[in-house]
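In the UniProt record's numbering, the protein residues as written are 1 to 387.
For each residue, glycine too, the CB sits at the ideal point set by N, CA and C.
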Ligand code: CAA
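Rendered as structure tokens:
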């Protein structure tokens, strides 16, 4: 698709309307219940698959919808406006498969992208470990060559949608002497013998998206499942995040928009001192600040998405690393502030589970932490600026 930089095209606006209608009808009514139960919303997944919104980024040549990076942002944003957990369906499908799009052989792409495009499988990304979070290159999971196979042992931690995803892009050490250049990326399947999952983490937010360990006990996989060349896995992992931190920014925008929209509706209805509380200038200034921060973060995110799209199609963008970190950091910090202020605008009601803003505030918090903490984002930005 040939969309102009920064500005959504008419197709993007139509896409937003479609996703919003689906989210209002089928996702928003399930969000509180899914959060409370801590259960993956399979009905939402099916609704997203039925409308081809579960992995819109997969190129047409692999059977996908061929949406550009801004289209993926809009889908994630609009789903997150209703339910942050559900927005991890399109987001993590993208996170798991971008390593393939960037670095895998045609054989691996053809084998694994089709099932994702059809909605037959989801795809997660397994980089972190218990002792290798921000310092991702400190991972210990080993992949040892054995003839034309590799044997994997170790445990990856904090893996979003682990257990519900069929496939995993998993980084493991193939040459322990080579540091970050000794890490390789593989496709691991849920059904591979020796793969198991830890218990679901008991989390503050995104409770309807399972976060579990992926445990590898002598998992033997063919060497053809390696993504890219031996030793290129860490670079692929970081290059992937250059694209997908934009999707976390999108998730943060959606959560914040949901909270802002709800709060605006509330202050116009709620009466104190004989009038709607929206009449009070102190609250008007809060609303104005919330919308201003949100729109600034949105423009930065769309700008980063446009750069991501160009970079995906053979036009490297030297500022993509900076912009994707900046968008993720700005949008998630904005989302935390906006959702906290939305709770404040609803007062005591906002603090209860009878209203959605407390869930949105809990969900916003993770966007400052995953795909690199906002401290790591600032480090990445500073490195780009100072190098
Ligand atoms: N693209 C491609 N290659 C890159 C790169 C990029 N953006 N950034 C660095 N590299 C290359 C470097 O050039 C270097 O290669 P050479 O040695 O060949 O030059 C190699 O990668 C190592 O780079 P650094 O020395 O800069 O690596 P580092 O160990 O200092 O760490 C880091 C870099 C930025 C701190 C990185 O570890 C990082 O981003 N940490 C945060 C981890 C993270 O984001 N985890 C997210 C987990 S996924 C998740 O959260 C998903 C979810 O649940 C939804």
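| Asked | Found |
| --- | --- |
| From 178, 161, 146 and 163, pick the residue whose C-alpha is nearest to that of residue 138; which is it? | 178 |
| Report yes if the C-beta of residue 372 is less than 7 Å from at least one heavy atom of the ligand CAA; otherwise report no. | yes |
| Please classify residue 188 as buried or exposed, where buried requires at least 16 other C-beta atoms within 10 Å of its C-beta. | buried |
| Please report how far the alpha carbon of residue 148 lies from the alpha carbon of residue 308, in whole angstroms. | 35 Å |
| Does the Cβ of residue 212 lie closer than 7 Å to at least one heavy atom of the ligand CAA? | no |
| Can you check whether the CB of residue 212 is closer than 8 Å to the CB of residue 163? | yes |
| Could you tell me whether the Cβ atoms of residue 247 and residue 72 are closer together than 8 Å? | yes |
| CB-CB under 7 Å to residue 98, same chain, minus the five flanking residues each way: which ones, in chain order? | 240, 243 and 244 |
| Taking C-alpha atoms, which residue in 330, 349, 346 and 108 lies nearest to residue 229? | 108 |
| Contact between the region 73-91 and the region 26-45 is defined here as three or more beta-carbon pairs at a separation below 8 Å; is this criterion met? | yes |
| For the region 181-234, list the alpha helix (DSSP H) runs that are entirely contained and at least 4 residues long, ordered along the chain. | none |
| How many whole angstroms separate the CB atoms of residue 334 and residue 252, which I take to be in contact at a CB cut-off of 8 Å? | 7 Å |
| Less than 8 Å between the C-beta atoms of residue 150 and residue 269, yes or no? | no |
| Please tell me whether, using a cut-off of 7 Å, the distance from the CB of residue 125 to the nearest non-hydrogen atom of the ligand CAA is below it. | yes |
| Report the residue from 376, 196, 386 and 132 whose alpha carbon sits nearest the alpha carbon of residue 329. | 376 |
| Entirely within the region 32-69 and at least 4 residues each: give me those alpha helix (DSSP H) ranges in chain order. | 42-50 |
| Just mark residue 4 as buried or exposed, buried being the case when its beta carbon has 16 or more other beta carbons within 10 Å. | The pLDDT assigned to residue 4 is 46, lower than 50, so where the model puts this residue is not dependable; a value taken from the coordinates is nonetheless given after this. The residue is exposed, with fewer than 16 neighbouring Cβ atoms inside 10 Å. |
| For the ligand CAA, is there any heavy atom lying closer than 7 Å to the beta carbon of residue 253? | no |
| Looking at C-alpha atoms only, which residue of 16, 156, 371 and 173 is the closest neighbour of residue 79? | 16 |
| Rounded to the nearest angstrom, what separates residue 337 and residue 192 at their Cα positions? | 43 Å |
| Following the continuous beta strand (DSSP E) through residue 159, name the residue where it begins and the one where it ends. | 149-160 |
| Given a cut-off of 8 Å on the beta-carbon distance, is the pair residue 123 and residue 154 in contact? | no |
| Here's the rule I'm using: 16 or more other beta-carbon atoms within 10 Å means buried, otherwise exposed. How should residue 368 be labelled? | buried |
| Roughly how many whole angstroms lie between the Cα atoms of residue 381 and residue 374? | 10 Å |
| Could you say which of 37, 13 and 90 lies nearest to residue 359 if we only look at CA atoms? | 37 |
| Is residue 256 near residue 339, with beta carbons less than 8 Å apart? | yes |
| Please classify residue 77 as buried or exposed, where buried requires at least 16 neighbouring CB atoms within 10 angstroms. | buried |
| Identify every residue that forms a DSSP beta bridge with residue 171. | 185 |
| Classify residue 218: buried if its beta carbon has 16 or more other beta carbons within 10 angstroms, exposed otherwise. | exposed |
| Is the CB-CB distance between residue 101 and residue 227 below 8 Å? | no |
| Given a cut-off of 8 Å on the beta-carbon distance, is the pair residue 54 and residue 45 in contact? | yes |
| Find the nearest neighbour of residue 366 within the set 303, 318, 206 and 67, judged by alpha-carbon distance. | 206 |
| Taking Cβ to Cβ, would you say residue 128 is nearer than 8 Å to residue 157? | yes |
| Say the cut is 7 Å; is the CB of residue 128 nearer than that to a heavy atom of the ligand CAA? | yes |
| Applying the 10 Å Cβ sphere with the 16-neighbour rule, what's the burial state of residue 12? | buried |
| Starting from residue 417 and walking both ways along the alpha helix (DSSP H), at which residues does that stretch end? | Examination of residue 417 is not possible in this model, given that the chain is present from 1 through 387 alone. |
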